[in-house]
Amino acid sequence: MKKGSRIRKIFSLAAVLSCIASLSAQSVSEKSNANLEPVRNFELERYLGKWYEIGRFDFKWEKNLKNVTADYSLNKNGTVKVVNSGYDYVSKEQKQSVGKAKFAGNQNSGSLKVSFFWPFYSDYKIIALDSEYNYALVAGANKKLLWILSRTKTIPDDVKERYIQTAQNAGYDLNGFVWTEQE
């Protein structure tokens, strides 16, 4: 193959990849949570510990799970260890995934990045949190990632309604949102 022909092929491939990346970025940005504001005056130490999942969108890693919990603890290097677990009622197996989280910027803000598959990180934004750190509304990187968490297996109706309203005001379509069974 001639050198000029090879260079043209490389430039053509680069142009195609650039177009694909541009279109992907555009479609992702339309459903992105980049402009979603996290809670302020966030205290990580108070957030650590066990949380029960009250509701979520049923994406592939959590499909068919009940009794879902998230445990957060501090690693020696300052990152947060994340242990998500739940029971798959179809396969009848306990599932667990371990990851880590780090602040996305200001440590007084509830905006973190979480990774379960290094080196890939995704947004983890706490967009609502009660003053006692008993209930949290967490947004992921897009409008199909949302969790309602509680320190207990249930959540008061008024908190649930407030978090649903907050999610809808943030642009979430809650069709497909599921309530997690906790036993």
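Going left to right, the sequence shown walks through residues -27 to -1, 1 to 156 as mature numbering (1 follows the signal peptide of the UniProt record, and there is no 0) numbers them. Built from N, CA and C at the ideal position, the CB exists for glycine as well.
Going by CA-CA distance only, name the one from the options that's closest to residue i.
i           : options                          : result
Val71       : Leu147, Gly28, Arg19 and Trp34   : Trp34
Arg13       : Glu66, Phe30 and Ala101          : Ala101
Ala7        : Glu26, Glu154 and Ala143         : Ala143
Gly59       : Asn79, Asp146 and Leu38          : Leu38
Lys75       : Lys65, Asn57, Ser95 and Glu26    : Ser95
Thr153      : Glu66, Trp91, Ile137 and Ile121  : Ile121
Asn107      : Pro129, Pro92 and Pro11          : Pro129
Val41       : Gln67, Leu17 and Glu18           : Gln67
Val132      : Val56, Gly28, Glu16 and Phe90    : Gly28
Ser104      : Glu16, Gly149, Leu9 and Asp31    : Glu16
residue 158 : Gln69, Val63 and Lys23           : Given a span of -27 to 156 for the chain in the structure shown, any question on residue 158 remains unanswerable.
Lys73       : Val151, Trp91 and Tyr62          : Trp91
Pro11       : Gly22, Gln80 and Val55           : Gln80
Glu156      : Phe150, Thr127, Val55 and Ala140 : Thr127
Val63       : Lys54, Lys36 and Ala43           : Lys36
Gly51       : Glu18, Ile137, Ser5 and Gly149   : Glu18
Residue i and residue j look like a contact to me (Cβ under 8 Å); what is the Cβ gap, rounded to whole Å?
i      : j      : result
Ser84  : Lys98  : 5 Å
Thr125 : Tyr25  : 6 Å
Leu119 : Tyr145 : 6 Å
Asp31  : Val151 : 5 Å
Gln138 : Leu147 : Rounded, the Cβ-Cβ distance is 10 Å, inconsistent with contact.
Checking the sheet assignment: what are the DSSP bridge partners for residue i?
i           : result
residue 158 : No information on residue 158 is available, as it lies outside the stretch -27 to 156 that the chain covers here.
Tyr25       : Thr42 and Ser123
Arg19       : None, per the DSSP bridge assignment.
Tyr60       : Lys39 and Gln67
Asp96       : Lys86
Phe32       : Beta-bridge pairing links Phe32 to no other residue.
Quiz item: Do the region 101 to 119 and the region 45 to 54 make contact, defined as three or more Cβ pairs closer than 8 Å?
Solution: no
Exercise. Please list the segments of the beta strand (DSSP E) lying wholly inside the region 98 to 155, counting only runs of 3 or more residues, in order along the chain.
Key: 108 to 112, 119 to 123 and 150 to 152
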